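Under the numbering used here, think of the first position of the sequence shown as 44, with each following residue one higher. No residue lacks a Cβ here, since even glycine has one placed at the ideal position from N, Cα and C. Just so you know, these numbers come straight off a predicted model, no measurement behind them. The structure under discussion appears below in the form of structure tokens.
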Amino acid sequence: MESNGGDASRLLREIETLKAAKSDIEHRISILQAQLGEIVAKEETSSISPLSISDACVRHGLSPEMIYRHSRHLLLPSFGVQGQANLSKSSILVVGAGGLGSPALLYLAACGVGRLGIVDHDIVELNNLHRQIIHTEAYIGQPKVTSAAAACRAINSTVQIVEHKEALRTSNALEIVNEYPLYDIVIDATDNLPSRYMISDCCVVSGKPLVSGAALGLEGQLTVYNHNGGPCYRCLFPTPPPTSACQRCSDSGVLGVVPGVIGCLQALEAIKIASVVGEPLSGRMLLFDALSARIRVVKIRARSLQCEICGENTSFTQQLFRDFDYENFTESPLSASPLKLNLLPRSARISSREYKEKVVNGEAHVLVDVRPEHHFQIVSLPKSLNIPLPKLEGKLPEISSALREEQEHTGVISCSDASLYVICRRGNDSQRAVQYLHKMGFTSAQDIIGGLESWAHDVDPNFPTY
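See the structure below:
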């Protein structure tokens, strides 16, 4: 068994090494392909008379290869040569290489943007792949920026890809957006509240249009901020919504195709702005409902003259932006990592390993799982009782009944002194449940620290996580 374990570790290390080498090779190939394309283009044009070169290309700057590659664009009367020429000279920054950023990046690269910047600090995980279509299984464990850049280069080796393998923060945002390479347009493909405020404010003080999209569950929305006199994000939301109203796909879920639809539309809006074609969604918001296949475009609030960021008398400067605490302002973390609450004293909590010992020792107890029913259907611990947190108040008699059944095996006199444990997905809702149970007389109730994720990490590595 030890030999097999050693062989597995060796093979895993070799696989990771080969994956890294593959990424480097693909990157090198894309660079060489771009260089080869330039050489071939020069050789092809060298045999053409100066007059024909001028007539064919100089007026719009598109090479023969670009004309052929983007010929379907050029055939559009409303887009044509000038639209493609404008697009090829543009520089677009995409913040986030996830569900929204994936399709946006792929289409921007394919459509011939001149320079494409990618900002992300995360790595590719298996549970990303159902919606983050720019990544593949081969890149699991590697930086998303590396994976996304390789995919973009594979589609179009002539696009200049700039990799920013870091999280966007107030300490680096202005430098990334405004210094080399200078970006013309920013796409917000993030999924948390403080990032939305930060990116919008950064675009205002930098004078950049912002294409903002969001997707959650089965719905999505899209608009353009800070463009052609339109509002910024703070014009619409001067005060952050309560944290209870802010959800992320890692908590609430998302159907994979929904961010795909919104991400494609983000690319479209960026292309319209860059090419100076069409009517961007400034002052309007697109709302998408996947279940009904309904798309609505509604008018949104105009730019506020009293806005603290973009209003007439604003005093918000780049330095104030650097010093602003967006996490404190929104009471939400910039990090995509799940929130970890600490509401209970240690005496009211047990670890997953401690709970495992109690199960092994045969301790009679009741385990209440306070996750929503559809979460419980995904996976659960044996003999756990599913009572979703919002229904806890009305289910107290059911808990008392379950505890009385356990008394038959233990001889405990009071059900309030019987063993009662509460679990959830990550150990947050279970703490809220225990707080309430203590108030209602179930004083022995304890929550399991870290929830089912801790169980999978510390007790049973084969236990499914989601």
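#1: With burial defined as no fewer than 16 other Cβ atoms inside 10 Å of the residue's Cβ, what is the status of T282: buried or exposed?
#2: How long is the line joining the alpha carbons of E370 and N215, rounded to whole angstroms?
#3: Which residue wins for smallest C-alpha separation from E222, given the options N271, H270, K187 and G160?
#4: Pull the bridge partners of N429 from the DSSP assignment, please.
#5: When the distance is taken between beta carbons, is L377 closer than 8 angstroms to R475?
#6: Determine whether the beta carbon atoms of V202 and V156 lie at a separation below 8 angstroms.
#7: So, at 6 angstroms on beta carbons, what are the nonlocal neighbours of Q362 in its own chain, with the 5 sequence-adjacent residues on each side left out?
#8: Evaluate E180 with the Cβ neighbour count: other Cβ atoms within 10 Å of its Cβ, from every protein chain shown; 16 or more gives buried, anything less gives exposed.
#9: Under a three-way DSSP split, which group does A499 fall into?
#10: What does L159 pair with, by DSSP beta-bridge criteria?
#11: Under 8 angstroms, do T286 and E209 count as touching if we go by C-beta distance?
#12: Determine which residues share a DSSP beta bridge with K342 and list them.
#13: Whole angstroms are fine: how far does the CA of I316 sit from the CA of R239?
#14: If I follow the unbroken beta strand (DSSP E) through Q489, where does it start and stop?
#15: Taking a contact to mean a Cβ-Cβ separation below 8 angstroms, would you say C246 touches N269 in this structure?
#16: What are the boundary residues of the beta strand (DSSP E) that includes E262?
#17: What residue range is occupied by the uninterrupted alpha helix (DSSP H) comprising S462?
#18: According to DSSP, is A257 helix, strand or coil?
#19: Can you pull the DSSP bridge partners for V229?
#20: Measure the C-alpha to C-alpha separation of N505 and A499 and round it to an integer number of angstroms.
#21: Look at the Cβ atom of Q138, then the Cβ atom of A258, and state whether they are nearer than 8 angstroms.
#22: When DSSP labels each residue in this structure, what does R469 get in the three-state scheme?
Taking the definition as stated:
#1: exposed
#2: 16 angstroms
#3: G160
#4: D412
#5: no
#6: In this structure, V156 lies closer than 8 angstroms to V202 by Cβ.
#7: none
#8: exposed
#9: helix
#10: For L159, the beta-bridge partners assigned by DSSP are I135 and I204.
#11: Their beta carbons are not under 8 angstroms apart, which means T286 does not touch E209 by this criterion.
#12: R327
#13: 20 angstroms
#14: Q489 to I491
#15: yes
#16: Counting along the chain, the beta strand (DSSP E) containing E262 begins and ends at E262 to Y268.
#17: From DSSP, S462 is part of no alpha helix (DSSP H); its letter is neither H nor E.
#18: Residue state, collapsed to three classes: strand.
#19: According to DSSP, V229 bridges with L136 and L253.
#20: 7 angstroms
#21: Per the sequence shown, the amino acid found at residue 138 is Val instead of Gln. Not a contact, by the Cβ cut-off of 8 angstroms.
#22: coil
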